[in-house]
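Remarks on the structure that follows.
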Amino acid sequence: MKDGILRVWDINREKIIRSVATDSQICSLLWLTKTSELMTGQGLPGNQMKIWKYPMLINSSELYGKYFSHKGRVLHIALSPDESKLISVAADGIACLWKSHESGESKHR
């Protein structure tokens, strides 16, 4: 779907239990285990990543700063095994390495 809606499903009951409008196409998704958050990699208009506090799906990106700098949609996001770094890869051909927001930083390197 390209409707920009993030949906969380109860797969046992085959029912949507939470949903939120993200304001852009969702191209990738990552679960952050230490903080119980979802991260979405998105397309236009922002080509950025957003953080959603689970279970309420409140956009917590404003708390940590924004993860962005791509000129194309974010196709893949991954987390280092110790969850201290994120990598994003976008349609612009650029890979970005970020410090995890858990430390209160979201610095692009």
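Under full-length UniProt numbering, the residue at position 94 of the sequence shown is numbered 94, and the numbers go up by one with no gaps.
Where is the CB? At the ideal position from N, CA and C, for every residue including glycine.
Note that the structure is a prediction, hence the values are computed from the model and not measured.
Report yes if the C-beta distance between residue i and residue j is below 7 angstroms; otherwise report no.
| i | j | result |
| --- | --- | --- |
| residue 96 | residue 84 | no |
| residue 4 | residue 21 | yes |
Grab me the residues of residue i's own chain with a C-beta within less than 6 angstroms of its C-beta, minus the 5 sequence neighbours each way, in chain order.
| i | result |
| --- | --- |
| residue 53 | 37 and 60 |
Give me whichever residues DSSP pairs with residue i in a beta bridge.
| i | result |
| --- | --- |
| residue 37 | 32 and 53 |
| residue 97 | 87 |
Out of curiosity, what's the CA-to-CA distance linking residue i and residue j?
| i | j | result |
| --- | --- | --- |
| residue 106 | residue 79 | Confidence in residue 106 is poor, its pLDDT being 46 and thus under 50, which makes the residue's placement unreliable; the coordinate value appears in the next sentence. Taking the straight line from one Cα to the other gives about 13 angstroms. |
| residue 19 | residue 6 | 5 angstroms |
| residue 47 | residue 40 | 10 angstroms |
| residue 93 | residue 55 | 33 angstroms |
Quiz item: Do the segment 24-37 and the segment 7-16 touch if we need at least three Cβ pairs shorter than 8 angstroms?
Solution: Taking a cut-off of 8 angstroms for Cβ pairs, the segment 24-37 and the segment 7-16 do not touch, as fewer than three such pairs fall below it.
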